[in-house]
Each structure stands twice: as C-alpha cells, then as structure tokens.
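Asks:
2 protein chains.
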Amino acid sequence: MPSNRQVNINTESVDNYLKAILALGGPEEQSVSSTALAQRLGVAPASVTNMLQKLASARSPFVEYEKHRGVRLSPEGKRRALEVLRHHRLIETFLYEILDFPIEEVHDEAERLEHFILERFEERIAAKLGHPKIDPHGHCIPALDGRMSKQDSAPLIDVEKDGEFVVDSISDRDAKLLKTLKAHSITPGAHLRVTKSPHELVLRAGKGSKPLHLALSAAGAVRIRSTN
Amino acid sequence: MPSNRQVNINTESVDNYLKAILALGGPEEQSVSSTALAQRLGVAPASVTNMLQKLASARSPFVEYEKHRGVRLSPEGKRRALEVLRHHRLIETFLYEILDFPIEEVHDEAERLEHFILERFEERIAAKLGHPKIDPHGHCIPALDGRMSKQDSAPLIDVEKDGEFVVDSISDRDAKLLKTLKAHSITPGAHLRVTKSPHELVLRAGKGSKPLHLALSAAGAVRIRSTN
DNA sequence: CTAATCATTTAGGCTAGCCTAAAATAGTGA
DNA sequence: TCACTATTTTAGGCTAGCCTAAATGATTAG
Chain A
2 MPSNRQVNIN TESVDNYLKA ILALGGPEEQ SVSSTALAQR LGVAPASVTN
52 MLQKLASARS PFVEYEKHRG VRLSPEGKRR ALEVLRHHRL IETFLYEILD
102 FPIEEVHDEA ERLEHFILER FEERIAAKLG HPKIDPHGHC IPALDGRMSK
152 QDSAPLIDVE KDGEFVVDSI SDRDAKLLKT LKAHSITPGA HLRVTKSPHE
202 LVLRAGKGSK PLHLALSAAG AVRIRSTN
Chain B
2 MPSNRQVNIN TESVDNYLKA ILALGGPEEQ SVSSTALAQR LGVAPASVTN
52 MLQKLASARS PFVEYEKHRG VRLSPEGKRR ALEVLRHHRL IETFLYEILD
102 FPIEEVHDEA ERLEHFILER FEERIAAKLG HPKIDPHGHC IPALDGRMSK
152 QDSAPLIDVE KDGEFVVDSI SDRDAKLLKT LKAHSITPGA HLRVTKSPHE
202 LVLRAGKGSK PLHLALSAAG AVRIRSTN
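Top line first, the protein sequences correspond to chains A and B.
Per my numbering, the first sequence runs over residues 2 to 229.
Per my numbering, the second sequence runs over residues 2 to 229.
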C-alpha cells in the first residue's frame, strides 16, 4: 500500500507561502531559506519545513525543494504567486481609487481579501479601473498571463551620492512609514532631492514640503529612478 | 484543575452558524433544531451539536442552548448575525451597483467576502452607495445598530386567490431561479399578475414578458406585497 | 581536519472543525 | 403505560496547520 494519499492544502496558507517565496527570491528567483520564510510569515522554521514538503510533493508541485538547500517556485507555483500578486495590487488600486481608502490602509485590507476573490471579481474591478498597470504604491500589476514589466528602478538605500530622483515605488508593508512619506509629499512620481549623511538620508519633495530625515534602515522601502 | 480553558472559535464558521440560526428562526426568533441547521449548513447533525456547545459555553455566549430543545441567538449572537447580514447585503448591493455583476452571481461572491471585511470597508461601501436600505434582491439591509425595518410582505406561496401584486423580494440562495425570474422581468418592484392552479403558479410581469409557470416548491423564494 | 555554531529537519503534540457509529432521549400510537 | 421511531448527543477519529524540543546536517574558525 503505497503512501500516495491525497493531501489537501489550504489555499490561503499556500498563497501566503508562495507570495513570500516570490518576494524573497527577488527578480532573479533565487532559492529562499526556511528561516527567511519563517521570519517573513511569522511562523516557526519547523512549520515552514513541514509546509514546503507538502507543497513539493503535491500532485502538481508548487515548489522545487531540496532538503537543506532552500526552495524555489515551480512554474505552476510562480503562476499562482503572480496571480495572487495581481489580485493584491488590483484590490489595493481599487480600494484607493474607488473606495477612497487612505493609502496606508489598503495593504492590510487587500491582504485579507486577495485569497477569496474569484477571476470574475478580478475581471470586473480591472475593467472598472481601466486595466491599470501600476498600483497606488507604484508597483507593477502583473497581467492576466502573469507577465510583468521589469522594474527600471533602484532602492533608495543604494544611492551613492546626493542628487535628484523620481520616486518609483514605495513598499506597502509598513503603514506608518507610508503615512509619514505621504505627509512629506513623497509619493510615486514625486521629484525627490536626496542628501546623504552617515546614518540617514534627507529627502525633500517639491517645494512646500518639509525635509524628511529617514533612517537608513527604512530606506529599502523606497525605490527611485533617475529624472530624465 | 477546573476545565475553564479558553476555546478559540473560528469566526467564519461561527458566522455561518449564526446566520443560519437567524434565518431559520424567522422573524419570531423561534428556537432552531440541530437537524434543520445541519441541513442548511450541509454538515452532520453531530457537528452541529458540537458547535452549539462551543457557542453556548464561550465567554460571552452567542447562543442559548438547551440539550434536545434547539437553540436561539443570544443578544450578542443576534448582534453579530445582523452585522454579518448587513455585510452580506451591502456587498451584494455593491457588486451589483458598482461592479455590474449579474444579479444571480452576487450571492455566492458576497458569501465568500462577508467574513473578511472590516468595519472600515463596510463604512466605505455604504458611503459610496449612499447608505442603501434595500439590497438588489429587495431585502432590507440592517442598520449599523442592527435595527431593521419589518417586512410588510408575504411569501408568494401563501397567495390565496388570483390577483395582482408587487414583487417585494426574491431569495438570493437559488441562482438559477433568480436568472429565470429576471428573464421574465420578475424583479423587486415589478407588478405581477398571479394565477393559481393546483400544482403551479402562473406569473406575468409587465406586458412584453412571457408568462412564467412556477412550481409551488419554488414559490417560497418570492415575497410579494399588495399593490397600492 | 575537527569542533563549535548555526540552520534545518524530525518527532511528537495541540486545536478547530468536520466525520461516522453507537448511545441516549423525546415523542407518539396502541 | 410501554414500546417503537425519530431526533439528538456522546464517543472516538481524521486532517490541516501550527507549535516546541531534540536530532541531524552544513559551515566555518582555529
């Protein structure tokens, strides 16, 4: 009696694992460690191992996983991860544009809703919004087929010398930071003058807005591109 | 060591039980049997008993439950049930009005979403919709404080003699029926001529629409009021 | 090249919510 | 009233997803 029993996998939990692997793997889709996943998802490393084993041994596996060597998305896993990301960003856009949510609140609400909507819902809000390509944080929204244009931007933390840039995007995971940045008019598309000092960056957007002193630790959340 | 351990209750499941008790108890809030609940929720009677015991022994109980005598909502349970009902009906209205969903699809989608939205979301869509009092099926939407105006209508199945009526509301639980009714212009507010025969009702709405032969078994889904 | 450290996996447990089968209770007709 | 039937509850099991503690594997400093 071989142990090919069917294992049921809770979609919500799986989605969260896949999204985390997508995000942590970065654009080069590097393999991701259990610990990194555990930290991001707020669960114990042992729980991650457990789930990865399930994901890898499903009928059509969502991940490629070798013991002790981290995990990568399979093509199927990547497809699903991008689908969830598309849901997430469309919902964020929708909450912001149609329901007038403040920018710093859309992430948490979208996080909750993204698992429970069907294609039809997605289709309708995409249509209602005119099939947007960018969400209110400046992030690309994957197309229906999973294609997503490459980001032509760099994290603010990599800035070498003082200068002027355009804000490309801002991570949605830290609501407080998002609110602070908004209060200083630092939003996607804004022009930004950056002055570097040992422990912080000083940011100035537009003219009327006060300069913002940003700890280097927070500067990874903002991506910029050159003004031209 | 007393057994006063804290029991965690999954909100989604609880919500479904509370909604079912509210619906089956009717406007007089009669006590509801395990079997009726089991049937409506699609679970085994034993599962219902189990859950009712949990609901009744929670810190602030959602139901009043006596073995073998059915179950009623506690004030707290009623409050929550009406809150979920409000969510459900607001979401339905929203899907129909803003996202242009076909009427027969809004129920299932709302069913999925209603558990996962926060007050803030509810608030926004209520505002966006102009604080509607009636959903697209003709059902009252409970107010924020749980108050809901009494239905001044009767089930179509109670019609004694032929006559003309106004469609008050239509149950959203049978998508197929909803679609059929729509095709015959039988929607909330429509004028309806009803002809009774032993096994069916014949319904005619407006002038251009064909008469609909409706089995008595389906006639509980439609509520009517008198034309005046 | 070995020992210490760090990362990861295994083993064993827990809870929620469902199930089935068996036991108990309530209701009813003779 | 008593037995029969239908309803409801109890008892015992299962799975998913989490946990902790212990064991194992990988890596790195001396």
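Don't be surprised by glycine CBs; every beta carbon is placed ideally from N, CA and C.
Values in this document were obtained by computation on a predicted structure and should not be read as measured data.
#1: Which value, in whole angstroms, describes the spacing of the CA atoms of B:Val72 and B:Gln31?
#2: Is there a Cβ of chain B sitting closer than 9 Å to that of A:Glu29, yes or no?
#3: From A:Lys68 to A:Gln54, what does the alpha carbon distance come to, in whole angstroms?
#4: With A:Arg1 as the anchor, note down where its alpha helix (DSSP H) starts and where it stops.
#5: With a threshold of 9 Å between beta carbons, is B:Ile126 in contact with chain A?
#6: Quick check: the segment 132–139 of chain B against the segment 202–220 of chain B, are there 3 or more CB pairs under 8 Å?
#7: Write down every uninterrupted run of the beta strand (DSSP E) in the segment 118–174 of chain A whose length is 3 residues or greater and which is fully enclosed by it, in chain order.
#8: Suppose the cutoff is 7 Å on Cβ atoms and the five residues either side in sequence are ignored; what does the same chain contact list for A:Pro3 look like?
#9: For A:Ser150, count the other beta carbons within 10 Å of its own beta carbon; 16 or more makes it buried, fewer makes it exposed. Which is it?
#10: For B:Leu56, which residues does DSSP report across the bridge?
#11: Of all Cβ atoms in chain B, is any one closer than 9 Å to the Cβ of A:Leu193?
#12: In whole angstroms, what separates the C-alpha of A:Thr12 from that of A:Asp109?
#13: Do you know how far the Cα of B:Ser14 is from the Cα of B:Ser218?
#14: Going by DSSP, name the residue or residues bridged to A:Thr196.
#15: What are the boundary residues of the beta strand (DSSP E) that includes A:His214?
#16: By Cβ distance below 8 Å, which residues in the same chain neighbour B:Arg226 in space, the five residues on each side in sequence not counted?
#17: Leaving aside the five residues before and after B:Lys20 along the sequence, list all residues of the same chain whose C-beta is less than 6 Å from its C-beta, in chain order.
#18: Straight-line CA distance for B:Arg6 to B:Ala57?
#19: Below 7 Å on C-beta distance, what does A:Phe117 contact in chain B?
#20: Taking contact to mean at least 3 C-beta pairs separated by less than 8 Å, is the segment 111–126 of chain B in contact with the segment 43–54 of chain B?
#21: Go through its chain and collect everything with a Cβ distance to B:Ala37's Cβ below 8 Å, but skip five positions before and after it.
#22: Give the secondary structure of A:Ile92 by DSSP, where H, G and I count as helix, E and B as strand, and everything else as coil.
#23: Anything in chain A within Cβ reach of B:Lys129, meaning under 9 Å, just list it in chain order.
#24: From the DSSP secondary-structure annotation, give me the bridge partner or partners of A:Glu65.
#25: Let me make sure I understand the geometry here. Which of B:His138, B:Ala111, B:Leu145 has the alpha-carbon closest to that of B:Leu182?
#26: Quick one: is A:Arg70 buried, meaning 16 or more other Cβ sit within 10 Å of its Cβ, or exposed?
#27: Given that A:Phe63 touches chain B, what residues does it touch there, using C-beta distances under 9 Å?
#28: Alpha carbon to alpha carbon, how far is A:Pro199 from B:Arg125? Give it in angstroms, no decimals.
#29: If you count every other CB in all the chains shown that lies within 10 Å of the CB of B:His214, and 16 or more means buried, which is it?
#30: Leaving out the 5 sequence neighbours to the left and right, which residues in its chain are closer than 6 Å to A:Thr196 when beta-carbon positions are compared?
#31: Taking only the alpha-carbon atoms, compute the straight-line gap between B:Gly27 and B:His140 and give it to the nearest angstrom.
#32: For chain A, check one thing: does any of its Cβ atoms lie closer than 9 Å to the Cβ of B:Glu120?
#33: What do you get for A:Lys79, buried or exposed, if any count of 16 or more other CB atoms within 10 angstroms of its CB means buried?
#34: Kindly indicate which three-state DSSP category B:Ser32 falls into: helix, strand or coil?
#35: Quick check: the Cα distance between B:Ser210 and B:His185, rounded to an integer number of angstroms?
Replies: Taking the geometry as given:
#1: As a first step, residue 72 of chain B is located in the second sequence; it is residue number 71 there, counting from the start. As a first step, residue 31 of chain B is located in the second sequence; it is residue number 30 there, counting from the start. Approximately 8 Å, taken between the alpha carbons.
#2: For the purposes of this step, residue 29 of chain A is taken as the residue at position 28 of the first sequence. No, A:Glu29 lies away from the interface with chain B (no Cβ there is under 9 Å from its Cβ).
#3: To locate residue 68 of chain A, count along the first sequence from 1; it is residue 67. To locate residue 54 of chain A, count along the first sequence from 1; it is residue 53. So the alpha carbons of these two residues sit roughly 9 Å apart.
#4: Outside the displayed span of chain A (2 to 229) sits residue 1 of chain A, for which this structure offers no information.
#5: Residue numbering aside, residue 126 of chain B sits at position 125 when the second sequence is read from its first letter. Judged by the 9 Å Cβ criterion, B:Ile126 is in contact with chain A.
#6: no
#7: 164–171
#8: Within the first sequence, numbered from 1, the residue matching residue 3 of chain A stands at position 2. Residue placement at A:Pro3 cannot be trusted, given a pLDDT of 32 that sits under 50; what the coordinates show is reported in the next sentence. So no residue of the chain qualifies.
#9: To locate residue 150 of chain A, count along the first sequence from 1; it is residue 149. Result: exposed.
#10: As a working mapping, residue 56 of chain B is identified with position 55 in the second sequence. Paired residues: none, contrary to the question.
#11: For the purposes of this step, residue 193 of chain A is identified with residue 192 of the first sequence, where counting begins at 1. Chain B contact via Cβ: absent.
#12: Reading the first sequence from its first residue, position 11 is the one you call residue 12 of chain A. Reading the first sequence from its first residue, position 108 is the one you call residue 109 of chain A. Spanning the two alpha carbons is a distance of roughly 18 Å.
#13: Here the question's residue 218 of chain B lines up with position 217 in the second sequence. Here the question's residue 14 of chain B lines up with position 13 in the second sequence. Between B:Ser218 and B:Ser14, the C-alpha separation is close to 29 Å.
#14: Taking the first sequence and counting its residues from 1, one reaches residue 196 of chain A at position 195. In DSSP, A:Thr196 forms a bridge with A:Val203.
#15: As a first step, residue 214 of chain A must be located in the first sequence, where it is residue number 213. First-last of the beta strand (DSSP E) with A:His214: 213–216.
#16: Position 225 of the second sequence, counted from the first residue, corresponds to residue 226 of chain B. Excluding sequence neighbours, B:Arg226 sits near Asp153, Ser154, Ala155, Phe166, Val167, Asp169.
#17: In the second sequence, counting from the first residue as 1, residue 20 of chain B sits at position 19. Around B:Lys20: Ala82, Val85.
#18: Within the second sequence, numbered from 1, the residue matching residue 6 of chain B stands at position 5. Within the second sequence, numbered from 1, the residue matching residue 57 of chain B stands at position 56. Low local confidence applies: a pLDDT of 49 at B:Arg6 is under 50, so the model's placement there is unreliable, and no value is given.
#19: Position 116 of the first sequence, counted from the first residue, corresponds to residue 117 of chain A. Those within 7 Å of A:Phe117 in chain B are Arg113, Leu114, Phe117.
#20: no
#21: Locating residue 37 of chain B in the second sequence gives position 36, where the first residue counts as 1. Cβ within range, chain order: Leu25.
#22: In the first sequence, the residue the question calls residue 92 of chain A occupies position 91. Note: A:Ile92 maps to helix in three-state DSSP.
#23: Residue 129 of chain B sits at position 128 when you count from the first residue of the second sequence. Result: Ile99, Leu100, Asp101.
#24: What you label residue 65 of chain A is simply residue 64 of the first sequence in a count that begins at 1. Answer is A:Arg73, bridged to A:Glu65.
#25: As a first step, residue 182 of chain B must be located in the second sequence, where it is residue number 181. Ranking the options by Cα distance to B:Leu182, first place goes to B:His138.
#26: Reading the first sequence from its first residue, position 69 is the one you call residue 70 of chain A. The residue in question, A:Arg70, is exposed, as its Cβ has fewer than 16 Cβ neighbours within 10 Å.
#27: Here residue 63 of chain A refers to the residue found at position 62 of the first sequence. Near A:Phe63 there are no residues of chain B at all, since even the closest Cβ is about 22 Å away, more than 9 Å.
#28: Numbered from 1 along the second sequence, position 124 holds the residue referred to as residue 125 of chain B. Numbered from 1 along the first sequence, position 198 holds the residue referred to as residue 199 of chain A. Rounded to the nearest angstrom, the two C-alpha atoms are 44 Å apart.
#29: Counting from one through the second sequence, the residue named residue 214 of chain B turns up at place 213. Answer is exposed; the Cβ neighbour count stays below 16.
#30: To locate residue 196 of chain A, count along the first sequence from 1; it is residue 195. Excluding positions up to five away in sequence, the list reads Asp163, Val203.
#31: Locating residue 27 of chain B in the second sequence gives position 26, counting from the first residue. Locating residue 140 of chain B in the second sequence gives position 139, counting from the first residue. So the two alpha carbons sit approximately 14 Å from each other.
#32: Working through the second sequence from its first residue, we reach residue 120 of chain B at position 119. Not closer than 9 Å to any Cβ of chain A, the Cβ of B:Glu120 fails to qualify, so no.
#33: Along the first sequence, read from residue 1 onward, the residue named residue 79 of chain A stands at position 78. Buried, since its Cβ has 16 or more Cβ neighbours within 10 Å.
#34: What you label residue 32 of chain B is simply residue 31 of the second sequence in a count that begins at 1. In the structure shown, B:Ser32 sits in coil (DSSP, three-state: anything other than H, G, I, E or B).
#35: As a working note, residue 210 of chain B is residue 209 in the second sequence. As a working note, residue 185 of chain B is residue 184 in the second sequence. Taking the straight line joining both Cα atoms gives about 6 Å.
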